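Each residue of the sequence shown is one higher than the one before, starting from 161 at the first, in the numbering used here. All C-beta atoms, glycine included, are put in the ideal place defined by N, C-alpha and C. As the structure is a prediction and not an experimental result, all values here were calculated from the model.
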Amino acid sequence: MFSHVKDLQFEAKPDGPDAAFARRLQEVLGGKWGEMTVANQYLFQGWNCRLPGKYKDLLLDVGTEEMGHVEMIVTMITRLLDNAPLSMSEGIADNPGGAATFAASNPAHFIHGGGGALPADANGVPWNGSFVTASGNLLADFQLNVTAEAQGRLQVARLFNMTDDPGVKQMLRFLLARDTMHQNMWLAAIEQLKEDGLEDMPVPEAFPDSSEFTEEFGYTYLSFSSGTDANEGRWASGPTPDGKGEFRYGDSPRANAPEPVLPPGDPRLYGTNPGVGGSVVNTVKSKLT
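Okay, structure coming up:
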């Protein structure tokens with residue numbers, strides 16, 4: 161059961177209107193790594209979670225918090241659009257920079273949204289449910305969640321340098337701080353899964369790997385570049401992070417199978433087949449007549 165608290169988690173009020181920045185702020189609302197994505201991702205992961213208790217609560221708690229962030233950003237965008245010029249002449253009449261603001265604004269904010277935020281990114285592309293991943297494997301999902309928070313924090317940090325509005329900057333500082341917490345939280349949750357003996361690397365750990373294939377292919381770094389610079393990396397020698405093997409450096413990758421030769425395709429699909437000529441055409445015609 162969900163309920164809505166009317167108060168915001170943090171103030172979302174600019175010091176003045178800025179329709180051009182409202183357009184940019186749409187990215188962390190409805191972009192691939194925006195708040196709509198992480199809110200739905202964590203909620204779906206939580207709803208699908210088959211482990212009652214702390215992991216399910218974690219996912220639903222943070223998913224609910226992120227839905228509150230959606231409301232904060234929608235509120236900020238709507239307030240940034242207040243008193244925005246609706247025509248070039250209005251922009252010029254208000255101030256010399258108004259024409260530039262009008263030109264840089266998103267017309268869909270006014271035509272579609274009536275002066276409000278949209279479930280879309282900074283280019284006006286609608287938010288897509290395919291951005292959401294809820295695989296049912298918590299280690300796989302938590303690792304993606306770390307990435308989502310990192311990408312989200314990166315974009316908010318970039319937006320911070322694109323505005324001079326003190327009120328906007330304060331909200332962005334809050335979001336940056338929460339993204340710091342969430343990155344650390346998901347990393348801690350990954351370690352907790354391992355400590356609880358529920359999941360481990362590689363994902364999925366429960367798959368019965370072939371020892372023969374693991375020995376030959378499971379821990380060998382293959383270099384396909386000139387030189388040996390990659391050999392200096394942690395991934396080319398020493399124990400593997402899963403604690404189950406040793407990295408090896410392969411400087412001469414080899415093929416393990418001959419060149420594939422495909423048989424002629426079904427003639428009814430009209431592909432170009434090798435060495436069959438008119439006989440195939442006649443065969444097709446005979447079947448069709």
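For L332, there is no enclosing beta strand (DSSP E); the residue is found in the alpha helix (DSSP H) stretching over 326-355. When the Cα atoms are used, G296 and Q343 turn out to be separated by approximately 20 Å. When the five nearest sequence neighbours on each side are left out, the beta carbons in the same chain lying within less than 7 Å of the beta carbon of F384 are those of P413, in order along the chain. Residue pairing from DSSP places G398 in a beta bridge opposite F407. Cα atoms of G223 and T340: separation of roughly 16 Å, rounded to the nearest angstrom.
In the DSSP assignment, L240 falls outside any beta strand (DSSP E) and lies within the alpha helix (DSSP H) extending over 214-240. Boundaries of the beta strand (DSSP E) harbouring Y381: 380-382, taken from the DSSP string. In this structure M232 is buried. Its beta-carbon is surrounded by 16 or more other beta-carbon atoms within 10 angstroms. In the three-state scheme derived from DSSP, where H, G and I count as helix and E and B as strand, P286 is classed as strand. At a Cβ-Cβ threshold of 8 Å, V188 and G312 count as neighbours. Taking a contact as a CB-CB distance under 8 Å, the pair M361 and D402 counts as one, their CB atoms being some 4 Å apart. One Cα belongs to Y379, the other to G206, and the distance between them is close to 33 Å. In the DSSP assignment, A280 is bridged to P286. P420 and S371 have their C-alpha atoms roughly 27 Å apart. Around the C-beta of V285, fewer than 16 other C-beta atoms lie within 10 Å, and the residue is accordingly described as exposed. Cβ contact annotation for M196 (same chain, cutoff 7 Å, sequence separation greater than five): L189, G190, V230, P279, W287, in chain order. If you look at F181, you'll find it in the alpha helix (DSSP H) that goes 179-185. Counting along the chain, the unbroken alpha helix (DSSP H) around Y202 starts and ends at 195-208.
Taking 8 Å as the cut-off, the beta carbon of V234 is found closer than this to the beta carbon of A277. Taking 8 Å as the cut-off, the beta carbon of G275 is found no closer than this to the beta carbon of L240. The continuous alpha helix (DSSP H) containing F270 extends over residues 268-271.
Note that the C-beta distance between R184 and L332 is not below 8 Å.
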